[in-house]
Every structure is written in C-alpha cells, then in structure tokens.
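Some notes on the structure that comes next.
2 protein chains.
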Amino acid sequence: MTHRVRFQPDDIEVRADGSETLVVLAARAGITLRGACGGAGTCGRCRVRVTGGKIRVGEAVLAAPLEVPACQARPAADLEVVVPSASRLEEHRVLLAARAASVLGEEAGTVAPDGPLYRRVSLHLPSPSLDDPVDDLSRLLRALKGQVPADVRVPLEVLQELPSVLRANNWRVCVGYHVDDDGRSAEILDIAPGDAAVAFGLAVDVGTTTVVVQLWDLAAGTCVGTAGSYNRQAAFGDDVITRIIYAAEQPGGRQVLQEAVVKTVNELIGQVLAGAGVSSEDVGAVTFAGNTTMMHLLLGADPTYIRLEPYTPAANHWPLLRANDLGLAINPRAVVYTVPGIASYVGGDITAGVVAAGLNHKEGITLFVDIGTNGEMVLGNRDWLVACACSAGPAFEGGGIRAGIRAIPGAIEEVTVLPGGYEVFFRTIGDKPPSGICGSGLISVLAGLVDAGILDRSGRFRKDLGTPRLREAEDGPEFVIAWGSESGTGEAISLSQAEVENLLRAKAAVFAGIRTMLGALGLDLEAVDEIYVAGGFGQHINIKDAISIGMLPDLPPERYHFIGNSALKGAAAALLSKTARREIAAVARNVTYLELSAGNRFMEEFTAALFLPHTDMELFPSLKGGN
Amino acid sequence: MTHRVRFQPDDIEVRADGSETLVVLAARAGITLRGACGGAGTCGRCRVRVTGGKIRVGEAVLAAPLEVPACQARPAADLEVVVPSASRLEEHRVLLAARAASVLGEEAGTVAPDGPLYRRVSLHLPSPSLDDPVDDLSRLLRALKGQVPADVRVPLEVLQELPSVLRANNWRVCVGYHVDDDGRSAEILDIAPGDAAVAFGLAVDVGTTTVVVQLWDLAAGTCVGTAGSYNRQAAFGDDVITRIIYAAEQPGGRQVLQEAVVKTVNELIGQVLAGAGVSSEDVGAVTFAGNTTMMHLLLGADPTYIRLEPYTPAANHWPLLRANDLGLAINPRAVVYTVPGIASYVGGDITAGVVAAGLNHKEGITLFVDIGTNGEMVLGNRDWLVACACSAGPAFEGGGIRAGIRAIPGAIEEVTVLPGGYEVFFRTIGDKPPSGICGSGLISVLAGLVDAGILDRSGRFRKDLGTPRLREAEDGPEFVIAWGSESGTGEAISLSQAEVENLLRAKAAVFAGIRTMLGALGLDLEAVDEIYVAGGFGQHINIKDAISIGMLPDLPPERYHFIGNSALKGAAAALLSKTARREIAAVARNVTYLELSAGNRFMEEFTAALFLPHTDMELFPSLKGGN
Ligand code: FES
Ligand code: FES
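Set out below in structure tokens:
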C-alpha cells in the first residue's frame, strides 16, 4: 500500500510503500538528515516530529504527534513530518561551500598540461568524390593521423551520427578524444560540426564528510571554478564503518549511498559549470580521489569485506569508466579516472597526496600524515614507500565530543590557558561567538590544559585548582572553555574527563602508528627528514601544540610542511598530466602496506602513547625543560 | 490526441498519436505488413480494410469503411482495422523457417575452434588472509595469469558484485572472457560462482529478405541450432534502397528499422536457445554478416549517403560492440563482431563469403559471384582481389514479375519446354501444386523458352507459334507456364514480354559486371580458373541454364562451385577462429573496389549482353552448335 509523506516546512510530498525509513524518504524529497550513527538509532541526530498519521517502529505502530529518530520510523499511514533545522545537514552547507571556496581558491593554480585525459582538435576534411569515396569513418581517421595514435576507437553513438555531423558544416568538425596512457591507442568521445571549443575536465575530492569539485581548462591548465559541500551520504552515517554497514545490511542500501554521493557531485558540477559559463557537453574527463570506502560507494561496488578481517576491498585499482556509468551530469562518454588505492584503509586519496607531496621523488626519508577519523601515514623516499593506517577514532572530528564541530565559522580553533588564575583566551574562525570546538581547537585545548597544569601527564584533571571552570558534572569532572554568557548558543562549552580520554586515545593512535612504522624499518623518529601534514584538518593545526600533546614527533618545526587538500591536488594532477598518472600508478603499486592489527607492537606503542606527551619523555626532548 | 487502433482478426489494440502510419502501428502490434515499395504507396502490398473510425491520407480525412495502403493512412479517430492475410509477411514465416532449418542443417558442421570470441575458464582462488590480503580484483587477476593476456579489463558491473560472487561458492568461480585479436589484452565479460559452464556464441546472417541465426558451442566448435525467418524490416521496403529512403525520410524511421531487425534477431535467438536448452546468459559473442545497408540499419547508423553519389557509408569497419548496445537478448556484455565491408554495395556478407570460399588462398584466378537484387562479384587470388557490384534489379527475386515468389514449397524451380508442341514440364519445390516461380525457375523458364525457339535472341516472343500458351494479354503477349487448372492458386502462371525484358536486364547486368571487371584487368573470360556461386539463390540455379541465357560465363561446369550461404559460413568462422577474423580484416582492407558507375565500359558491356545469350556469340562457344 502506498502512503503519502509530506515533509514540512519544505512542503514536499513523496510516495512511500512503507518499507523505507523516513531518512530515505526525506532524501528522496531532497532533504538530507544528519545521521552520525548510520541508522542504528543511537545518535539521535536524525530526530523529526511526526505531526499527523501513523508510523511503524519495529513491530509497533505509533500515532502522531510524536518525536522519533527518522532512521527508525517507517510510514504506516499518510504522514505529515516536520524536520527541525537541527536535524538537517543542509544548514552546514553554505558555510562549508563558502569555506571550501576560500580555502581552495588559494590552492588551485596553474598546471602545465602534459597529456590531459581529454583533448580537442579541429579538422577540415576533404569532401568525398568518386575518386576518393572512402567511408566517413576512414576519412575521419585519415585526417586524425599523426595527431592521435594510429589505433582509434570510435563509439557506436558517434558512428551512428557521423555522416550528418561531418556534412553539417561542410566537413569542418571539432573532435574530442582521449589518449590511452600507453600512447598506443585513443578513443573519440565526441565530434561536433564547426570549430574547436575548449576542453574541460573536473577534479573531485570525495571525502567522507565533504566533497569538493574543481573545474579545469585542460588546454590552458587553469582552474576556472571550485565548489564544495557536505557529502549527502552523511545522512547514512558519519564515518566509513557505519556507511559500510548501511550498504551491506539495508536492502538497497548500496544504491541509496551511491545515489547520495552522485547527487552531491552533480550539484557541485552544476555550480561550477554555471559559475564559469561552461556547457556540460564540453567536460570530457573527471578524476576522483577518495578513501577506499568512498570509492566503492561512488562506483556502487560491494564494500562489505573492507571492514571484516583480513580487510579486502573489491579493488584498489579501478578501470577507466564513462560518465554515464555513474550518471554524472556531463558528456555521457567523458572518461572517469579513479586514483588507485593501496589497501582498505589507505585509499586513493593517500596515493594522490603522496604524489602531490612528491614523496616518490625525495632523497631524504619523508613522512606523509593525513589525520582524520583514520590516521593514514606513508613513509619513504624515491626508493621505497611504506604505508599504514590507524583507527584514531572520530574525536578530532568532533565525534564523541559534545562540543565538537567542524571547522566552520564560530568554531574555537585556538585556546590559551593562563596558569595562575586559569583564565582562558580563545580564537574562533571568522571571529564569531563560539559555538563549539573544531579539531585544531581540541588539540590546542589539550595542549593548553597540560601547559597550565590543569591536566596531569596521564590526562586526569588535577583536583583542588580553585577555579569554577573545573566543575563536577553528572558524569564526572569537566573544564569550561567558554561560559554560556560568552557562547553563540547560550550554553557553556566544556570538555569532560571522558572526552579528554577520547582525545588521548586519538592522539596516541597517530603517534603509535608513526612509531610502529618506523620501528618496523628499524628507524627512530630522528631519521625523518621531512613531514607532510595533509587534510582539511591538518591544514590548521598548530604543530607546536600537536607535538606538546605527543601526537606528532618532536622534530624541528622547519621539517614540517602543510599541503592542505592533497587528495584534490593529486586528482587535479591526474586530470592534467600523464606523468602524474604514471607516478600515481607506480606509487599505488609499489607502496608496502603494513597491517597494524597484525602484530602487537602497535598495541605496545599505543599504550605507551596514552600519556601527555608520552611515557618515554626521551622521545620529546624539546618538552623536557618546559614540563 | 491519442487514438486506439485495434487490429483484426488478431484483436490487438495499440495507442496512436496520429503521426504514425498504420504500417508502424501494425508493427507495434506485432503484425508485419508486406511493403515492397517501402511506403511510397505504389506497390499496394500493404492494403488493409478500415472497418470503423476515420483515417487521414495526406490532408484528406476519410471515414470507414474503406480499403487503403496502410503506409498511406494515419489514424484520425479510434480505428478498427482488418489486416488480410495477403498483406501479411507472417504467412511466409513458417515456410521460410522450415526451409532455413533444412538447408542450414546440412551446412553447419564442425569447426576446430582457434581463438573463439568468447571462452570460459574455471578457477579456484586461495582465500584471503592477513598474510595475503590483496584486493579481490588482484586475487582474481593473479589466478588468471598465464591463462589470459596480462592486460585484463574488468567491467564495472562485474567489479561491483565481485566480493560476493567470489565468496558464494568458497572461491570457486567460472570466468567468461574475450581475448582481443592482437593477443595483448582481454576482457572479463561475466563471472559466476561454481564450475565452468559451456560457452556459446551466435553467427547471424542479416539478409535484406531473410535472417538466419546459428548457435555454436564455442569450445567444441559444433553448431547446436539454426533458425531463420524473414527480416521484419521487409514491412518498410523490399530492397535496400527503399529502406534507406524510409530511414532517411520518415521521422524516427531509422529507429523503426533498427527495432524491426533486432526484433527479428531476438525472436530467432529465442528459438535456437529454447531448441538447444541453452540459457541466454551463456551466450557471450555474436557475429553479424550482412550487406552494408543491413549493417547500418542493424547498428542504427545513418545510411543516407549510401545511395547518393559518391556512395559513402558511415563506416565499413565497425568497432566491437556489446549486446546491450543493440538490445540483443543474451548476456548484455557479450561481444558483437560485425564482418567488415568493402564499400556501400560490397558489404561484409561478401567479405565473409570470400573468406569462406578461400579466394584469398587461391593460386589460380577465381571469381566469386553473389546474385541477388545486386550482383556482387570479387575476382582474384592470394595476391590480389578486385570487387564490384552491379544493380541487377529484383527480377530474379520476384520483383516486377507477377508470378515471382521466393524459393518456398510450391515454387516452380525448373522448367522444360518441348519444341514441337511447346508442351511444358515443371518441377516445384516440395512437389506442391505451383504457386509461382522462384529465381532459379525464372532462369530455367528463360532458358527453356530460348531453347524451344519461343523467344528469339533479342528476347521477343516469336509470333504464330500455334500454341494457346502464347496469348495476347492486356499489356502485350505472355506465355503460360501453368494453367489455372494446374496451379495451386487457381490462376494461370505466365510470363509477359515486359517481364522477360526485366529478366534480360537482370542477367545482362551480372554478365556485364563480370566482363567489365575482367576487362579492367586486361583478362578475358577464359582466364577464370574457378567460379564460386553464393547466396540462397545461387545454391539452386542450374549452371547450364544460367550459361545458356548468358548470365554466367561459358566455362566448363567443373570450374563452378556452389557454396550456399557463404555469408553465414564466414560469420561462423569469425565467431570461432582468430585466423578467420584476421583473414577477413585483411580481405576487407586489401580488396580494390571498382565503381562501375564511374566509367562507360559497363554500359557498353550491358547493352551487348541484352541478348540471349549475347550479341557476341564468340563468348559462348559451347552454345554455338545448339542455337
Ligand atoms: S539515530 Fe538516526 S541516524 Fe543516528
Ligand atoms: S503501397 Fe504501402 S508499402 Fe507499397
């Protein structure tokens, strides 16, 4: 039986057969709900108000009015549902987009094109005669000779209309084509009457949280537009594990997740094309970089075994696809290149980052670290590369931290605590009243609390400090960073003992990963000549703070480099340069993956790192005087 | 506005918007009308009775009841339409199918497979572990190493489900794949849990009139089923020219013709699969051979310029396609190979025939002749090949001959006329009462009439023969072959003066083509060491008769060979053998095409051949005594 479900205040109605949850139905209505737990019913972020009708929750049928997590409710009658703004992911959208544009506007530059994935050429063919009556295809290939490799594939759709296209402008045509990286063959993607138009391509970073799309002029090598927004998949889980479970266990779940991310990408494509005044038909290539789970979900591949020992993805290296395989809103024959990954938890985003950072050209030993829910690391130089991943947990991204928010305006990103009176100074993004603490802010808070002697080296609040900021809450002691009177929300922003322990585990995992990888190679921290810190998160952290809490190695600041969104940089390089694609393929093939769960060295290192900064102070010589 | 159109006595209703003719609407209802003139309104074969409603013919609106050519009528209201059996192509169907099966049953044999287009292999992969955690795709490719070329393409659909397919039967799978002819790369087409199933393929001859499908076991090299029927495109014109006009000038005409032939092929595929108990998923390759126009219409390519000077097809060499590009009812990723053609009027059916006849291996000069509406000829040996086509006209296929029918039971196929009393003896296919004369019968009639002195050498009936069989009809003299009392239809079967002239022009075109081609190379008829006669038509003609009317050269009978449906033989060879595909590609590339319309030598030869047998009796030494 079908029911009508009307979402308010949007006033959009969809039809439902009763089998889908209100999260899926809202998505169909274009409303993306928050859903940190991926539909487990435990995070409460997807709450909606049912104001009319009946819903089914498990076996029970409940009548309106009531408030429920949308992920647990299915229609049992025609419904009227109000979605409060706090349950909507959309509210972050404008902020994220604005932030993406400002951040990425700086990053995108000019790249000298060196074998872009898509090119265009103008031709003027001699018209046929009884003396030269060869078929239209042979005539076209004859004119292309010397410009493209001899072996040219022509898709059926192009052939079907070739006679009229060639004759429409008196044998003048513009041919869009792709050359295979081995240089032996090419494929025509489109052909249109008239003179050459500019060839465009897209580089896309598919993050678990955020998706960013860049539009590039492939002949000039210039970026002509950038757009970013949240990944619509976030309605089905905040992190990769909840999304894998959703894909594996919900009927049709894999398809729902694929549609969500494709919709996200298509919306961003629409924005960059409109912004630059470019037609979708002129876009002949796209490159994607993302973690292994994101690539499975984008391509619709079964991700089930990524999370089950021994953690095998369906593939690390994906074939070249076509835009219409994925339903992308560009030339349907546009080539789709996916940056190859290394393992289930070291994906193409890392391969892209390693090449963007140039690790594969370094003489000295170089460490690449991307810190997010997972800490992914690559160590090596031009001769060898080793990678590993550690599950840092979502603490630095705000998971399990009541005050944790993304790096949006109003987020506290730096904190100083004066010893003595324990006065707190903080700086927010955009200088807005504080609404929470972002990842770099959490590192800074932790460093500040240690520095001021509020936390001891094992991460426990010292008692009897004589400041009202350290107070006893329901579930233990907490430290107030901002009073309700100062904050943008009217509520105090604080960090509890349990939350400090979450952060401690997260930073310990990163440091333990680095130490384990070095140890496996018989190297100590001092052997690292350079460190590249990547990721939207990594771009903003204060290195001194990260060292002082023992998350990153105690090395001279000049060895540290930030490279921002290195996945996007790598994707853009792959779009424009054959050399980059070759290097990416070589890196993905040659990196040795170290499975940290396979030995107990990691657990030892992890336990040792559950101190501030570490049980072994010898590892942090620069801090010895200070503490 | 939509109308309902109900066809009787089938009692099938379709919806119409008023823009389509009753021919197209009948096709949608599954009823294929005859349509020799392709909708020009001149042949009258598509007549239907409108018993209720109103139709539009041009600007006029006419009310039922009335009889009209369906190709001229469009609905102007809800309609009731009766389709008489005489207007249906279906009535020939069973006869054709039965005949195809009996004829082709003999032809299909065993071919030693040598690189078939599709193969299957069973694999048992080691299951993954922490020591061997490579991704599923790499594991699969590792197991395939040595069995297939190193460069293996895997389609997205296969990758998406790979994890569950590999694990479904404990890492035992059957992989279906295609190896590129250069031997450098391969593509996986399907993968299923469990042990290897047999790999099947189809060879298809797409004739203008008839379509034949053969099912082959690709590992054993045995033909396991054959089915044939009329080409449903016949509703839109008897010959290639009317179909090209239909495709070029009717809105949506190209698509209508493509759907018609794909429907024909799919019906035959259904028959052979059901007959052999084979699943459509086990069919991984198809090869098509047909003339250039048939291939354009099958693939949906614009055929407009085939019939306009300088006669350029969209392509002679088509790319390897997939079953779902065409909507074929087999494994959607099955490879579709199209035998390449040589020119607009020398198609892939001829290339296939030349290789089937082995011209490209002959030491002596060999002539290949395929006689139908067009006479197509190839001359040469292992060192060189020349081809030409002459428009013989449809007379030998029954076009423009009142009594002309296809080679179905009841067709007169041999005639003897006694001099003296001019008594006529005839033999029909299946010894049924005569219902018309097929192509070989027409040759035999012509030879008989000349032999008996009823026709003079210029093809005119002699007056005053004193037999009632030569009688004066409305439009001139005619000779009665079978009286109404003898025939299966109750009506006399006769040949008129005008029809004799049609036949004369047809045979003259063939002979002139052969002479012109030889002449262009400075060769005379005697230089020809062997002659291969191909085509359903060619299989049944009496060589002595064909020589005595001056259609084929006067060479000793032992130099003649019949090779039946050589297009289908060539298509089957291409399906099973890489060597055959290489030879086909080489032949298509190396044949020199001679455009007969480009010089006036052909016209001179044609005029000289408009005699029985020829103006130059020196060319027919064996007949000099007899006539
Ligand atoms: S409670 Fe619904 S997604 Fe977490
Ligand atoms: S009159 Fe209709 S097809 Fe010829």
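If you read the sequences in order, they're chains A and B.
The first sequence begins at 275 in the numbering used here and counts up by one.
The second sequence begins at 275 in the numbering used here and counts up by one.
All C-beta atoms in this analysis are idealised placements derived from N, C-alpha and C, irrespective of residue type, glycine included.
When you compare the CB of residue i with every CB in chain D, is at least one pair closer than 8 Å?
| i | result |
| --- | --- |
| V428(B) | Although the question refers to chain D, the structure presented lacks it and instead comprises the protein chains A and B. |
Got a sec, what are the start and stop residues for the alpha helix (DSSP H) residue i sits in?
| i | result |
| --- | --- |
| N776(B) | Q771 to A794 |
| E294(A) | Element bounds for E294(A): n/a, residue is neither H nor E. |
| F880(B) | R875 to A882 |
| K328(B) | It is not in any alpha helix (DSSP H) - K328(B) instead sits in the beta strand (DSSP E) that spans K328 to V331. |
| R393(B) | It is not in any alpha helix (DSSP H) - R393(B) instead sits in the beta strand (DSSP E) that spans R393 to H398. |
| G722(B) | G713 to D725 |
Going by DSSP in three states, residue i sits in which element: helix, strand or coil?
| i | result |
| --- | --- |
| D828(A) | coil |
| N598(A) | helix |
| D730(A) | coil |
| A747(A) | strand |
| Y696(A) | coil |
| S910(B) | Chain B is shown only over 275 to 901; residue 910(B) falls outside these bounds and no answer can be derived. |
| L436(A) | helix |
| L886(B) | coil |
| V895(A) | Note that residue 895(A) is Pro in the sequence shown here, rather than Val. Helix at P895(A). |
| A685(B) | strand |
| Y834(B) | strand |
| T561(B) | strand |
| R581(A) | coil |
| A756(B) | strand |
| T866(A) | strand |
| R736(A) | coil |
| A808(A) | strand |
| H635(A) | helix |
| T741(A) | coil |
| E765(B) | coil |
For the beta strand (DSSP E) that residue i lies in, which residues bound it at each end?
| i | result |
| --- | --- |
| Q282(A) | H277 to Q282 |
| T566(A) | Segment T566 to L573 is the alpha helix (DSSP H) holding T566(A); no beta strand (DSSP E) there. |
| D425(B) | D425 to R427 |
| I817(A) | I817(A) -> not in any beta strand (DSSP E); alpha helix (DSSP H) instead, spanning I817 to S822. |
| L404(A) | Premise fails: L404(A) is in no beta strand (DSSP E) and is neither H nor E. |
| A334(A) | A334 to A337 |
Quick one: using the 10 Å Cβ neighbour count with 16 as the cut-off for buried, is residue i buried or exposed?
| i | result |
| --- | --- |
| N648(B) | buried |
| P339(A) | exposed |
| W490(B) | buried |
| Q532(A) | buried |
| L886(B) | buried |
| R855(A) | buried |
| G292(B) | exposed |
| T567(B) | buried |
| R745(A) | exposed |
| K898(B) | exposed |
| V368(B) | Here V368(B) scores only 38 on pLDDT, less than 50, and its place in the model should not be relied on; the value that follows carries that caveat. Result: exposed. |
| G694(B) | exposed |
| K843(A) | buried |
Could you round the C-beta distance between residue i and residue j to whole angstroms and report it? I think they count as a contact, below 8 Å.
| i | j | result |
| --- | --- | --- |
| G824(A) | K781(A) | 6 Å |
| G654(A) | A685(A) | With a Cβ gap of about 34 Å, G654(A) and A685(A) do not count as contacting. |
| H591(A) | A862(A) | 7 Å |
| Y392(B) | L492(B) | 6 Å |
| G667(B) | R581(B) | About 15 Å separates the two Cβ atoms, so there is no contact after all. |
| G327(A) | D352(A) | 5 Å |
Segments assigned alpha helix (DSSP H), at least 4 residues, entirely inside the region 468 to 551 of chain A: 514 to 523 and 527 to 550
Every unbroken beta strand (DSSP E) inside the region 641 to 680 of chain B [3 residues or more]: Under the rule that a run must span 3 or more residues, the beta strand (DSSP E) segments found entirely inside the region 641 to 680 of chain B read 648 to 654 and 659 to 665.
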